[in-house]
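In what follows, a structure is listed as structure tokens, so that the remarks can point back to it.
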Amino acid sequence: MLDILVINGPNLNLTGKRNTAQYGTRSMEQIVLSLQENHPMCRITYFQSNHEGDLIDWLQKAGTRDEDTDLHLYNGVIINPGGLCHTSVSLRDAAEWLHEQNITVVEVHLSNIREREPFRQHSLLSDVCTRTFYGLDAYEKAVGYIESAGVCC
């Protein structure tokens, strides 16, 4: 069983309601349920916050080890930092620390930020993440990537 943490940043609680032409009509609850159904060998933990510090706390938690087994709590992390990908050095530092702990971190975006407005085209996290996926199926691709890589603690 792979334990995967899915973390979403600001405004992603509005997925399926906000700018559906850009971000799709499915809610995050529907996306996570689909991930759980399509990947029965993965245990998906989902967290969303509009607050940067909460996201950093969860990333740090993902890098800690279980006291009894000395294994990381999660085999992989999928993060959609939302607009914080363009501005948050602190979030980048937390993702980089996970990378240093040999935890696979996959960045996802529901839209292709490289094809959006100029201020949205650069992500501070991309170079410290193992992979980045764009599009309405980005979460599915990310779980599939972690699963196929045989990521282990």
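Letter 83 of the sequence shown, counting from 1, is numbered 75 in our numbering, and no numbers are missing.
For each residue, glycine too, the CB sits at the ideal point set by N, CA and C.
Checklist entry - In whole angstroms, what separates the C-alpha of C145 from that of K53? => result For C145, the predicted model reports a pLDDT of 40, less than 50, meaning its position is unreliable; a value from the coordinates is still stated below. Answer to the nearest angstrom: the Cα atoms are 14 Å apart.
Item to check | Contacts around K9, its chain only, beta-carbon distance under 8 Å, and the 5 residues preceding and following it disregarded | outcome: S19
Checklist entry - Based on the DSSP secondary-structure assignment, which residues constitute the bridge partners of D(-5)? => result R35
Checklist entry - Rounded to the nearest angstrom, how far is the Cβ of N11 from that of G74, given a contact under 8 Å? => result The Cβ separation is near 12 Å, so there is no contact.
Checklist entry - Roughly how many whole angstroms lie between the Cα atoms of T124 and E99? => result 5 Å
Item to check | Neighbourhood of G68 by C-beta, 6 Å cutoff - its chain only, sequence neighbours within 5 removed | outcome: I(-4), T96, I138, V143
Checklist entry - Are V(-2) and Y126 touching if we call contact CB-CB under 8 Å? => result no
Checklist entry - How long is the line joining the alpha carbons of Q40 and L47, rounded to whole angstroms? => result 8 Å
Checklist entry - Got a sec, what are the start and stop residues for the beta strand (DSSP E) G136 sits in? => result Counting along the chain, G136 falls outside any beta strand (DSSP E), though it belongs to the alpha helix (DSSP H) covering 130 to 140.
Next on the checklist: Please tell me whether E44 and L76 are closer than 8 Å, where the distance is taken between their beta carbons.
Outcome noted: yes
Next on the checklist: Along the chain, where does the alpha helix (DSSP H) containing I71 start, and where does it finish?
Outcome noted: Run containing I71: none in the alpha helix (DSSP H); it sits in the beta strand (DSSP E), 68 to 72.
Checklist entry - Quick one: what does DSSP say C145 is sitting in, helix, strand or coil? => result Confidence at C145 is low in this model, with a pLDDT of 40, below 50, so the placement of that residue should be treated as unreliable; the coordinate-derived value is given next. Three-state result, C145: coil.
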